[in-house]
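Residue numbers (the numbering used here), protein chains in the order written: chain A, 1 to 320; chain B, 1001 to 1083; chain C, 2001 to 2400.
First up is the structure itself, then whatever we jot down about it.
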Amino acid sequence: MRMAVEGMGIVSTVGNAPQDLARAARHILQEEGMPLAVSKIDTGDLARYASSRALRRVDHFTRMALLAAYSALEDAGLEAAELEHTGIILATGYGPVKLTFDFLDSIIDFGPEMASPQAFAHSVHNIPAATIALMMSLRGPCFSICQLDTAVTAAALAAQTWLAEKRVTRVLLGAVDEYTALLETNTQRIAESLPAESSGGRRRLVPGEGAVFFCLHADPGMARHGFIEAMPPAESFLDAPVFFSGSASPEQRKAFPQAHDLSPLYGNMPIGMAFDAAVALLAVREQLSPALEKCPAVHCLSRNRFGMTGRILVTSGECA
Amino acid sequence: MDIKQQLKQTLISELNLEGLSPDDIDDGAPLFGDGLGLDSLDAVEIVVLVQRLYGVEIKDMEEGRKAFQSIDALAEFIAERRI
Amino acid sequence: MLHSGPVSVTGMGCVCAAGTNLQDTLRALETGQRNPLPPSRFKSEHSRIFPVFEVAEHIRSTHEKPGADLSMTVHFALYAMEEALLQAGLAVSDLHSHRVGVCIGTSVGASLNLLDFYRAIRAGQTPELEPVHRYLDSNPAVALAHALGASGPVQTVVNACSSGADAIGLAASWIAQGICDIVIAGGADEMSEVTYNGFIRLMIADQSPCRPFDTSRGGLNLGEGAGIVILETAACRAQRNAPELATVLGFGTAADAHHLTAPHPQGLGLKLAISEALNAAGLTSADISFINAHGTGTANNDTVEAIVLNELFPQTPFISTKGMTGHTLGAAGAIEAIFTMAHLTAGGIPASAGFSEEDPLLNASPAHAFTPVQGQAAISQSLAFGGNNSVLVVGKGRAI
C-alpha cells in the first residue's frame, strides 16, 4: 500500500521551505561530498501556531517536532481542529537528549533528593508526540519509535499498518533528532575508534538536528506531493536512484547503483532518512532539475551498525 | 530581598513564566487552577525548588496543597520550617 | 476500523520479580506473597526507602560480567524470548525459512541514562566508551532481531507505560495483514537509578509495597522484567502443527490529549481505546470476563480507571497484578497481557495483591480472593505517561 503525502513540514538548518531544501540538495548532488554548515535550529516560527504560554515547558526537541507537524498540516491546507481519525507517529534516533542530560545534571548538581521532576518527565521518549496530540487535541493513536538508524523505516511501516487496517485515515508521521555537544563529542570519539572505511564518511560530519513531518492520507487522491511506501516490493523501480543514509563503508554504498549521500544537508543524524524522503518527494516532482531529472521514483535506504537495511519508496504516482 | 519577592522570581525563572514580572503576581492569589494557572507538574517542581533554596522539605502533596495556596501561604510555610 | 480475525499466540515467556518463568510467576500470583526491597544494583541516596521489585539475582548475575556488551533490558528480553520460543516449539534455525518480525516496547531500554558515564564527563574525565557502545548495540528490537537473524520488520516502541501493549497490538496487525509469518512481540525494561529518582521526584512512588485500588494506596513501586509472546499466522501455525495457546482479538489505542503527566479525569482516552479494541474484536463489554487493569497504586491512575470500569464494566471482575510485579514500565503491557491470557485459559484470576480495603471514593474493588471466570475473552489495559491509553482484547486458544 502506498501512502499519499498530503503535506510536508520541514525544520532544518538549511531552512524550512521546500525551496531551501531543493537548493541545498541540488548543490550536494552536483558537487558530491561538500559539507554544509550545520547549526542549531531557531524555532521562532512556532509562535504562528502556539502561544508562548502554551509552550513554556516545551523543550527544543519538542518545539522542532511541533513546528514541523504544524507546518505539514498548513502545507496540506488543514487545521488541527478539523482532523478526525488521525494518528501520530514520531521517529527518533536518540529521543530528547538535552532533557535527558538536564535531568542527569540535576541529579549530579543537587543530589537525587532535589533533582528536577520536570526534566525527568519531559525526557520520557513519548512526551514530544504526546505534546503534539495535546496541543492539536488529537485523540487517535500516538506512537513514538526510538531506533537509531532504522527509526524512520519502522515508523513508516507503522503508519502504513494503521492506514491499511483503517485504524485512522490520516497519520502525522514525523522524525526528530536534536544536537547536543555531548552527542558530538561522543559520536566523534566513536567514529575515530572505527576503521576509516566503515565510518562511511561520518567522522567528517557534525551531528545535526531537525524535524520532518509528513501528513499522510489513505486516499491516493489526496497526494499533493507524491507517495511514500514502506516495505515496497523488491522488484519495483529497479533503475531508480537511491538516497542512502546510515552506516556503510564506501564499498557497501557502491553496491547500490546511483546511490546519493545527502547527509551534508542534515548532518550525522539517525533520522536522516526522513530528510532523504522529503528531498525525494521534491525529486519526483522535478524540483531538483537539472541535478536529478526524470525520476518518477526514489528509493530511500538506511542501514544500521548491524547491517540491517531499511527501505522506503517515494513515488510521484504518475507511474503506478 | 524579601522571601515573597524571591519566591516570585524563582517561580518565574524556573517554571518559565515568560512575560511575567514579580509585580504581576499577587501575594494572595491562587497559584494553581485559576490565578497563575500552575499544574501538578509545576507543583512537584516547586517542592524541589523550595528544598534547594530554603532547605524545607515537603513530604507529600497533602502538605503541599496547603503551602501552595498562594505566595503568602508558601512564604509562611517556609518561614515556619526553615532552620 | 477493519475487523480481522483472531491472531494466534503460540508461545509466551515472562521474567519479573515474581518469577523467572511464566509458570513460577503465575504460582506466585496465586499466593499473593511479595517482598519488594530497596534497590540492590545502585546505592539509593534518598533518606527514605522506596521498595522496588527486582528480578531474581541469579538471572541478573548471568549478565553482569565485565564487558557485558548488551544491556540488562535486552538480557531480560532474550531470556523471556527463549522461554516463549521453547513453548512454541521453534528453534532459532526454524525462523530462517519464515518472514519473522520483532516488535518490542521499552522505556529505560532506549534511554541515554548513562549516569556514571556522564558523571565522569562532568568531572572532567574521558571515560571509556563501553556504556555508549552498549547503548548503541542494545536497542531492544534491533538486538533481538540481530540475535535471531530475523529479516522481517523491526520496531522498538517507546510509549512509556503502554509500550508492551502497543508492541503486541502492532505485531498482531502485522500478522493480520500478512506482513509476517511470525512476530516476536512484547516488552522489556530494567531497573534504573535514573528512572527510580525520577518517579520519586514526581512524588508518585510509595515507601510501602504498593496497594492498587486500596483506600490507603500511596503510589507505585518500580519493577523490571520482560514479557514476550510469539504471534503466528494461521497458515504458519497449522503447517507446524503448533497449538494455539491464546489469541489477540483486538487492540485499541487513544491519546487523552489532556495533560502530560496526569490522566484525563474522566478517562476519555481509555474509553476510546476500549471501544476501539472491542470493535476490532467484534465484541461488546458483556463478552469480557475480566480485566487486568493498569492499577499502579497511584491516587490518580486508580481513580480514573475505577471511573471507567464503573461506567463500562460495572459487573466485571478486575485485578491489578502490579502488586506482585511492580510497575515494569515498558514491559508492563506485555507481561500483563500474558497474565491475562494465562488466567483466561485457567478460568480464574488471583486476588489483586496489595488490596485490602475499598476506597469509598472509588466505589470499585478489585477481586480480593481467587475468582473463577468464564468466557472467551478478557482485557488487559495500560495507561501511559503522556496520556496514551492502550487496550488489548485477548481470547482463549482454540483447538484447531
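Glycine residues also receive a C-beta, built at the ideal position from the N, C-alpha and C atoms.
| Check | Outcome |
| --- | --- |
| Residue burial classification, K294 (chain A) (beta-carbon count within 10 angstroms, cutoff 16) | exposed |
| Close-in-space but distant-in-sequence residues of the same chain around S39 (chain A) (CB under 6 Å, 5 per side omitted) | T13 |
| Between the CA atoms of E6 (chain A) and A320 (chain A) - distance to the nearest angstrom | Low confidence applies here, because A320 (chain A) scores a pLDDT of 44, under 50, leaving its location unreliable; read the following figure in that light. Computed Cα separation, rounded: 18 Å. |
| Stretch pair the segment 2178-2189 of chain C + the segment 2312-2324 of chain C: three plus CB contacts closer than 8 Å | no |
| DSSP state of M3 (chain A) mapped onto helix, strand, coil | strand |
| Secondary structure of Q2381 (chain C), DSSP reduced to three states | strand |
| P112 (chain A) (DSSP reduced to helix, strand or coil) | helix |
| DSSP three-state assignment for F244 (chain A), whether helix, strand or coil | strand |
| Assigned secondary structure, K2396 (chain C) (DSSP; H/G/I helix, E/B strand, else coil) | strand |
| Bridge partner(s) assigned by DSSP for I2230 (chain C) | C:G2011, C:I2184 |
| Contacts that D2181 (chain C) makes with chain A (C-beta to C-beta distance below 7 Å) | Within chain A, no residue comes near D2181 (chain C); the closest Cβ sits about 14 Å away, beyond 7 Å. |
| M2191 (chain C) at chain F interface by Cβ criterion, 8 Å | The structure shown has no chain F; the protein chains it does contain are A, B and C. |
| Under 8 Å between C-beta atoms of A2160 (chain C) and N126 (chain A) | yes |
| Below-8 Å beta-carbon distance, V2157 (chain C) vs any chain A residue | yes |
| Amino acids of chain A, ordered along the chain, whose beta-carbon sits closer than 7 Å to that of V1056 (chain B) | By Cβ distance, chain A contributes nothing, its closest Cβ being about 11 Å from V1056 (chain B), past 7 Å. |
| Any 3 or more C-beta pairs closer than 8 Å across the segment 2133-2142 of chain C and the segment 2103-2123 of chain C | yes |
| Beta-carbon proximity of T2296 (chain C) to L2220 (chain C), cut-off 8 Å | yes |
| heavy atom of the ligand GTP below 7 Å from F2355 (chain C) C-beta | Of the ligands one can find in the structure shown there are none, so the ligand GTP has no counterpart to examine. |
| First through last residue of the beta strand (DSSP E) which encompasses L173 (chain A) | 170-177 |
| Exposure label - K2043 (chain C); buried when at least 16 CB within 10 Å | exposed |
| Distance, L73 (chain A) Cα to E1062 (chain B) Cα | 43 Å |
| CB of I2230 (chain C) within 8 Å of CB of L2002 (chain C), strictly | no |
| Alpha carbon of V2015 (chain C) to alpha carbon of A22 (chain A), nearest angstrom | 51 Å |
| Residues from the segment 1031-1049 of chain B in contact with chain C, defined by Cβ distance under 8 Å | D1039, S1040, L1041, V1044, V1047, V1048 |
| Interface residues of chain B facing F110 (chain A) [CB-CB closer than 9 Å] | V1048, Q1051, R1052 |
| Where the alpha helix (DSSP H) containing E229 (chain A) begins and where it ends | No alpha helix (DSSP H) contains E229 (chain A), which is instead part of the beta strand (DSSP E) from 226-230. |
| Beta carbon of K1998 (chain C) nearer than 8 Å to that of T2345 (chain C) | Lying before the first or after the last residue shown, residue 1998 (chain C) is absent from chain C, which here runs from 2001 to 2400. |
| Proximal chain C residues relative to M1061 (chain B), where beta-carbon distance stays under 7 Å | M2203 |
| Within 8 Å, strictly: CB atoms of F237 (chain A) and A277 (chain A) | no |
| Y94 (chain A): contacting residues in chain C (beta-carbon distance under 7 Å) | L2112 |
| From C:S2216, C:V2308, C:D2214, C:M2072, residue whose alpha carbon lies closest to that of A2135 (chain C) | First, the amino acid is wrong: residue 2135 (chain C) is Tyr here, not Ala. Looking at the Cα atoms, C:M2072 is the closest of the given residues. |
| H299 (chain A) versus A:P290, A:A155, A:L313, A:E286, residue with shortest Cα-Cα distance | A:L313 |
| Of the residues B:I1083, B:Q1006, B:S1040, the one placed nearest T2261 (chain C), counting alpha carbons only | B:S1040 |
| Backbone secondary structure at I28 (chain A) - three-state DSSP | helix |
| 7 Å Cβ shell around P2372 (chain C) - same chain, five flanking residues per side excluded | G2347, G2348 |
| Contacting positions in the segment 2243-2261 of chain C - beta carbon closer than 8 Å to chain B | H2259, L2260, T2261 |
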